[in-house]
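Numbered per the numbering used here, the sequence shown finishes at 1625, counting up by one with no gaps.
Presented below is the structure to which this report refers.
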Amino acid sequence: MVTGGGRRIGRALAVALGGEGMRVAVHHHASPAEAAQTVAMIESAGGSGAVFQSDLTDSGAPAQLVSAVVSELGGIDVVVNSAAVMQRTPVGEVTTDEWDSMFALNLRAPFFISQAAAQSMPAGSAIINISDLAAYETWPAYIPHAISKAAVVKMTESLARALAPDIRVNCIAPGAVLLPEEWDADAGGRFAATTPLARLGDPADVVEAMLYLLRADYVTGETLVVDGGRRIRK
């Protein structure tokens, strides 16, 4: 099951799992056409898929989504918690509604999805959470987002301990592999110029990290940073 699988990095991850021959539950909130396209791409890659809609900011939605997927597909072996929001919230302008909504999707939802899915996942299953580089850097205009993503890293470590040895839990923290849609080419150029590998990444880089973590049977509780070296540039 891939949350946020209808678009962007979530789509790339879902299609890659289809390429591994998996049947993929593609979750979306409000992008049914994009989710259906993801399923078509999964089928072209050799897998199969089904679309599931859910507003994961609703407190009961994570458990309900897991129940629906298990009921329709018969079980879950892999969970990829990819659904998230990145919202610009400069200090002095942050509202409680923005804070609550961001944490509901970025942190609360993946925790309760993992908790619900773990009840029926067989031994040898895996959960992969998606954080991002904001967990390790200081971005003044994105403080609530960064806090939520740093908490995803800690959540990963805690769940890995709690669910071992049957379920491995790991995390990926992408850097500039897919720029926010509102950013222009100049912003992308600045990111590339200040990245040690001197280029932007690609969703395929996150896919490779996911496939590694799914195959690495002796790795759990880890966060793999995929950022072209930005975290070590200073």
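Backbone N, C-alpha and C define an ideal beta-carbon position, used for all residues, glycine too.
Close-in-space but distant-in-sequence residues of the same chain around residue i (CB under 6 Å, 5 per side omitted)
| i | result |
| --- | --- |
| HIS1420 | ASP1446 |
| MET1682 | This structure cannot settle anything about residue 1682, because the visible part of the chain is limited to 1392 through 1625. |
| TYR1527 | ARG1622 |
| ALA1495 | THR1448 |
| ASP1608 | none |
| ALA1532 | ARG1479 and PRO1481 |
| ASP1596 | VAL1568 and VAL1617 |
| ALA1600 | ILE1563, LEU1615 and VAL1617 |
Buried versus exposed call for residue i [16 or more other C-beta atoms within 10 Å across all chains shown]
| i | result |
| --- | --- |
| ILE1433 | buried |
| THR1448 | buried |
| GLY1440 | buried |
| ALA1514 | exposed |
| GLY1353 | Outside the modelled stretch of the chain, which goes from 1392 to 1625, sits residue 1353, for which no answer is possible. |
| THR1429 | buried |
| ARG1581 | exposed |
| SER1462 | exposed |
| ALA1424 | exposed |
| ALA1584 | exposed |
| SER1435 | exposed |
| ARG1624 | exposed |
| ARG1606 | exposed |
| ALA1555 | exposed |
| ALA1507 | buried |
Same chain only: Cβ atoms within 8 Å of residue i, ignoring 5 sequence neighbours per side
| i | result |
| --- | --- |
| PRO1571 | MET1477 |
| ASP1557 | MET1512, PRO1513, ALA1514, GLY1515 and SER1516 |
| GLU1489 | GLN1478, THR1480 and PRO1535 |
| VAL1578 | According to the sequence provided, residue 1578 is Ala. The question's Val does not apply to it. Result list for ALA1578: LEU1570, in chain order. |
| SER1422 | GLY1397 and ARG1398 |
| THR1529 | ALA1537 |
| THR1586 | GLY1566, ALA1567, ASP1618, GLY1619, GLY1620, ARG1621 and ARG1624 |
| SER1492 | THR1448 and VAL1476 |
| ARG1414 | GLY1438, SER1439, GLY1440, ALA1441 and LEU1464 |
CB-CB length for residue i against residue j, believed under 8 Å
| i | j | result |
| --- | --- | --- |
| ALA1553 | ARG1559 | The pair is not a contact, with the Cβ atoms about 12 Å apart (cut-off 8 Å). |
| THR1547 | GLY1612 | 7 Å |
| LEU1524 | PRO1565 | 7 Å |
| THR1568 | VAL1617 | First, the amino acid is wrong: residue 1568 is Val here, not Thr. Rounded, the Cβ-Cβ distance is 7 Å, consistent with contact. |
| LEU1591 | GLY1620 | Actually they are not in contact, since the Cβ atoms of LEU1591 and GLY1620 sit about 12 Å apart, beyond 8 Å. |
Within 8 Å, strictly: CB atoms of residue i and residue j
| i | j | result |
| --- | --- | --- |
| ILE1504 | PRO1453 | yes |
| VAL1482 | ILE1538 | no |
| GLY1438 | GLY1397 | no |
| HIS1418 | LEU1464 | no |
| VAL1543 | PRO1501 | yes |
| THR1487 | CYS1562 | no |
| ALA1426 | VAL1442 | yes |
| LYS1545 | ASN1497 | no |
Residue i CB to nearest heavy atom of the ligand FMN below 7 Å
| i | result |
| --- | --- |
| ASP1577 | Ligands displayed in this structure: none; no statement on the ligand FMN is therefore possible. |
Same chain, Cβ closer than 7 Å to residue i, neighbours up to 5 away in sequence not counted
| i | result |
| --- | --- |
| VAL1598 | ALA1403, LEU1404 and ALA1407 |
| GLY1412 | GLY1437 and GLY1438 |
| ALA1475 | GLY1395, LEU1496, ASN1497 and ILE1521 |
| VAL1485 | PRO1535 |
Worksheet item: Should the region 1515-1524 be called in touch with the region 1460-1471, which here means at least 3 C-beta pairs below 8 Å?
Response: yes
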